[in-house]
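A quick write-up on the structure given underneath.
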Amino acid sequence: MMIPAGRNMPAAGMIGGLASYAASLGQNMMDGQHQLVVMQQQQNHGQQQAATSGSDTHGPRHDELLMESKSGSDNMEGGIGSGSGGEELQEEDLSLQRPRKKRYHRHTQHQIQELEAFFKEFPHPDDKQRKELSRELGLEPLQVKFWFQNKRTQMKTQQERQENTQLRAENEKLRAENARYKDALTNAACPNCGGPATAVIGEMSFDEHHLRIENMRLRDEIDRISAIAAKYVGKSATGMLPNSSNISSVVAAPYPPPLSTHHLITGAGDMFSSLHHHGAAAGFDKPLVIELAVAAMEELVRMAQLGEPLWVPALIDGAATETLNEEEYACGFPRGVGPKSPELRSEASRETVVVIMNHVNLVEMLMDVNQWSTLFSSIVSRAATLEVLSTGVAGNYNGALQLMTAEFQMPSPLVPTRESQFVRYCKQHADGGWAVVDVSLDGLRTGGAAGTRGRRRPSGCLIREMPNGYSRVTWVEHVEADDAMVHELYRPLVSSGLAFGARRWAAVLERQCERLASAMASGVPAAPAGGDTGVVTSAEGRRSMLRLAERMVASFCGGVTASTTHQWTTLSGSGPEDVRVMTRKSVDDPGRPPGIILNAATSFWLPVPPARVFSFLRDDATRSEWDILSNGGDVQEMAHIANGRDHGNAVSLLRVNNANSNQSNMLILQECCTDATGSYVIYAPVDVVAMNVVLNGGDPDYVALLPSGFAILPDGPGAGGGGSLLTVAFQILVDSVPTAKLSLGSVATVNSLIACTVERIKAALAADPAGGGGGAR
Numbered sequence: 001m002m003i004p005a006g007r008n009m010p011a012a013g014m015i016g017g018l019a020s021y022a023a024s025l026g027q028n029m030m031d032g033q034h035q036l037v038v039m040q041q042q043q044n045h046g047q048q049q050a051a052t053s054g055s056d057t058h059g060p061r062h063d064e065l066l067m068e069s070k071s072g073s074d075n076m077e078g079g080i081g082s083g084s085g086g087e088e089l090q091e092e093d094l095s096l097q098r099p100r101k102k103r104y105h106r107h108t109q110h111q112i113q114e115l116e117a118f119f120k121e122f123p124h125p126d127d128k129q130r131k132e133l134s135r136e137l138g139l140e141p142l143q144v145k146f147w148f149q150n151k152r153t154q155m156k157t158q159q160e161r162q163e164n165t166q167l168r169a170e171n172e173k174l175r176a177e178n179a180r181y182k183d184a185l186t187n188a189a190c191p192n193c194g195g196p197a198t199a200v201i202g203e204m205s206f207d208e209h210h211l212r213i214e215n216m217r218l219r220d221e222i223d224r225i226s227a228i229a230a231k232y233v234g235k236s237a238t239g240m241l242p243n244s245s246n247i248s249s250v251v252a253a254p255y256p257p258p259l260s261t262h263h264l265i266t267g268a269g270d271m272f273s274s275l276h277h278h279g280a281a282a283g284f285d286k287p288l289v290i291e292l293a294v295a296a297m298e299e300l301v302r303m304a305q306l307g308e309p310l311w312v313p314a315l316i317d318g319a320a321t322e323t324l325n326e327e328e329y330a331c332g333f334p335r336g337v338g339p340k341s342p343e344l345r346s347e348a349s350r351e352t353v354v355v356i357m358n359h360v361n362l363v364e365m366l367m368d369v370n371q372w373s374t375l376f377s378s379i380v381s382r383a384a385t386l387e388v389l390s391t392g393v394a395g396n397y398n399g400a401l402q403l404m405t406a407e408f409q410m411p412s413p414l415v416p417t418r419e420s421q422f423v424r425y426c427k428q429h430a431d432g433g434w435a436v437v438d439v440s441l442d443g444l445r446t447g448g449a450a451g452t453r454g455r456r457r458p459s460g461c462l463i464r465e466m467p468n469g470y471s472r473v474t475w476v477e478h479v480e481a482d483d484a485m486v487h488e489l490y491r492p493l494v495s496s497g498l499a500f501g502a503r504r505w506a507a508v509l510e511r512q513c514e515r516l517a518s519a520m521a522s523g524v525p526a527a528p529a530g531g532d533t534g535v536v537t538s539a540e541g542r543r544s545m546l547r548l549a550e551r552m553v554a555s556f557c558g559g560v561t562a563s564t565t566h567q568w569t570t571l572s573g574s575g576p577e578d579v580r581v582m583t584r585k586s587v588d589d590p591g592r593p594p595g596i597i598l599n600a601a602t603s604f605w606l607p608v609p610p611a612r613v614f615s616f617l618r619d620d621a622t623r624s625e626w627d628i629l630s631n632g633g634d635v636q637e638m639a640h641i642a643n644g645r646d647h648g649n650a651v652s653l654l655r656v657n658n659a660n661s662n663q664s665n666m667l668i669l670q671e672c673c674t675d676a677t678g679s680y681v682i683y684a685p686v687d688v689v690a691m692n693v694v695l696n697g698g699d700p701d702y703v704a705l706l707p708s709g710f711a712i713l714p715d716g717p718g719a720g721g722g723g724s725l726l727t728v729a730f731q732i733l734v735d736s737v738p739t740a741k742l743s744l745g746s747v748a749t750v751n752s753l754i755a756c757t758v759e760r761i762k763a764a765l766a767a768d769p770a771g772g773g774g775g776a777r
């Protein structure tokens, strides 16, 4: 068969034709696809316009969901109106390749507020929460999801920015402090020769190092001779005055190595004789005070670390304790920080205890006079900081030095308080431990402490960090006191060292740390058996109730002692000598009711063990046997907050149901506490309305209280099974007008009240001394 010539083409021509056909076919396909894209964009554009017109009812959509391509719409219109020219198609293709511009739609103010409120409660919502929130706000679930993601990112960015700002500020502060230290090192002077102290031992020559050692030896010899001259000639030891440029280095230096006995003799021992010439009550010579504090710190550390024969172990009430061997002390510390006065009796004891408190927090409480006096409110009746010589370095109390005054008390009007003016010095060991020491500045007159009733030799504590937030505290108490005014009833207890010794300080510290740990707990106490449910319903109410009880205990302890600093006046003709009656006018004191307040206190001996007396007085079932306020009615415990390991340590809210009435509005706040050295049962009537405010977390400082109660002490060492010393104290508002005059009838009424209470307690305990007829919970 013949093929027509017109259709017969070479192979190359056939290939070229196929190529041109394929190219035209591809162009047509691209044109068709482009038209389909343009039509699809036009359709989408119409749908979005319809959706936008109805957005008022459905709410704004998320920024990333509502996006339109403006360039695509323009290309579509251009393609329809101008035909299918090649250049126009190329321009449309280029416009399609341009980046699309996003269209954003903001949320309404109501939506933002609802999202913000939900974010505070649930920053990470799940799918169910997002869907529910989107239905409520008229948003898409994805919009809600993206909003929460953006919000979390924003919060994280703000937090990082704040942290960076704080770090920059801290960095600048450290740079400035570093520059200050460098400048101080550059201008430092040797405390011995007065020359520049820029060289260290590693840079010194062998001869120079030996010359410096010889210089220090000669300096010590000069100090010793000067001290002898001051003692026999009457001139002060001029060599004891340190260089003024060395004051800060003494305070902020690392923990000093153990000093030799020779240094203690010639150093701090003679500072007591020279302080009289250089200091007065208004202000002591600071360089001497600093050297005295450093020497006292060294003595405290040695006394806390040494064992036998310096400390003699003993057993008191079955508990191990330690007392000082005075002969060994005289040999090991011939002069210590000054000679002892023959007119004063020496007391020294040591006790070690593990407490539930971080070591850093414990140091802060000891160095803050308000926290310290509150922590030891049963021992410290008042305290004040006279002057701060150094605040410490590196943002803590390392090197802190304070001049302080304090009054130490016993819970009885028969034991005089002990007043002292001392310097408190805090130092950190190289191993991370801390030491806080007190040493007296008062009584530094010729002849020792003549004319004073007490003097604190180096006393304080060593604090070591323990696991799980605990601290190991070694307490040393070393004082000289005049006990001539102590009543014979309390002399065995005072002379044994239990009244003001280390065992009492350590026991109170352990109990108070347990109390603070209980106050920090976030749980709500369960209702006691037979009590109302829901009285303490929140952690805030629990803390407020504990704070109110703390103030009640401090007020009771301060009003029951023989302190001369409280504004109380002893009335003449107040009855028996063992009853102390005082009056006070309360004006503008939110913690006490306004008017004339009468206080009566007495102490007496009971042939009953302290544990039995404590159990009897805190038992609700036996309260009507001695409490006149209960008027023979039943006492119901409405709330019970345990604040210690011992079941006797608790704060309670009691309701008195009088037998003569169907309903009573009388509430009693009560705290019971006990430790190895004593026990307390303290209570006060409280107003129902004010107590409701406290239980709801309100401020307890504005609740008026007049606390009364009991202080129970052993009658001497080893008296755990012997007798008890009981102090009873009452505070009564006799007239609500502060300017009114006190009548003798009010005094007689208070005396009758306290005498009746004492007789009831004696009769009840005599009838049941072992507690077989009932007991505390």
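Per the UniProt record's numbering: the sequence shown = residues 1 to 777. Here a beta-carbon is modelled for each residue, glycine too, at the ideal position from N, C-alpha and C.
In the three-state DSSP reduction, Ser-378 falls in the coil class, being neither helix nor strand. Taking the C-beta atoms as reference points, Arg-382 is found no nearer than 7 Å to Gln-402. A residue is called buried once 16 or more other Cβ atoms fall within 10 Å of its Cβ, and Cys-756, having fewer, is exposed. A residue is called buried when at least 16 other Cβ atoms come within 10 angstroms of its Cβ; Lys-427 meets this threshold and is buried. Per DSSP, Gln-421 is one residue of the beta strand (DSSP E) stretching across 418-428. For Pro-413, same chain residues with a beta-carbon under 6 Å away, outside a window of 5 residues either side, are Ala-562, Arg-580, Ala-601 in chain order. Beta bridge pairing from DSSP links Cys-673 with Tyr-680. In the structure shown, Phe-122 falls within a coil segment according to DSSP collapsed to helix, strand and coil.
With a cutoff of 7 Å on beta-carbon distance, Leu-344 and Asp-482 are scored as near each other.
In this structure, Ser-349 sits near Gly-501, with a CB-CB distance shorter than 7 Å. CA-CA distance, Leu-310 to Leu-629, rounds to 53 Å. Of the residues assessed, Asp-675 falls on the buried side of the cut-off, its CB having 16 or more other CB atoms within 10 angstroms.
In this structure, DSSP gives Met-357 a state outside helix and strand, which the three-state scheme calls coil.
Bounds of the beta strand (DSSP E) holding Gln-731 are 724-735.
Straight-line measurement puts the Cα of Gly-723 at about 16 Å from the Cα of Ala-499. In terms of Cα proximity to Arg-418, the closest of Leu-292, Met-485, Gln-109, Ser-390 is Met-485.
Beta-bridge annotation (DSSP): Val-312 is paired with Thr-323.
For Ile-290, the closest C-alpha among the options Gly-399, Arg-217, Glu-328, Glu-347 is that of Gly-399. Here Thr-583 carries a strand assignment [DSSP, helix/strand/coil].
The segment 356-363 makes contact with the segment 469-479: 3 or more CB pairs, one atom from each, lie closer than 8 Å. Cβ-Cβ separation between His-478 and Arg-503: approximately 14 Å, too far for a contact (criterion under 8 Å). Rounded to whole angstroms, the separation of the alpha carbons of Val-439 and Pro-342 is 19 Å.
As computed with DSSP, Asn-398 is found in a beta bridge with Val-393.
Beta bridge pairing from DSSP links Ala-642 with Ala-650. Beta-bridge partners assigned by DSSP to Asn-657: Asp-634. Within the same chain, and ignoring the five residues on either side of Ala-506 in sequence, the residues whose Cβ sits closer than 8 Å to its Cβ are Glu-351, Thr-352, Val-353, Val-473, Trp-475.
Residue pairing by DSSP places Glu-510 opposite no residue, since no beta bridge is assigned to it. Collapsing the DSSP output to three states places His-107 in coil. Taking Val-494 as the centre and dropping the five residues before and after it, the same chain places the C-beta of Val-415, Asp-483, Val-486 closer than 7 Å to its C-beta, in chain order. Just measuring C-alpha positions, the residue of Ile-712, Gly-433, Thr-405 sitting nearest Ser-373 is Thr-405.
A distance of 7 Å or more separates the beta carbons of Arg-612 and Ile-597. Of all alpha-carbon atoms in Gly-678, Ser-652, Val-688, the one lying nearest the alpha-carbon of Glu-671 is that of Ser-652.
Non-local beta-carbon contacts of Arg-547 in its own chain, meaning distances under 6 Å to residues more than five positions away in sequence, involve Pro-700 in chain order. Burial is judged here by how many other beta carbons sit within 10 angstroms of a residue's own beta carbon; Gln-166 has fewer than 16 and is exposed. Under the three-state reduction of DSSP, Val-369 is assigned to helix. Taking 7 Å as the cut-off, the Cβ atoms of Gly-595 and Asp-687 do not count as close.
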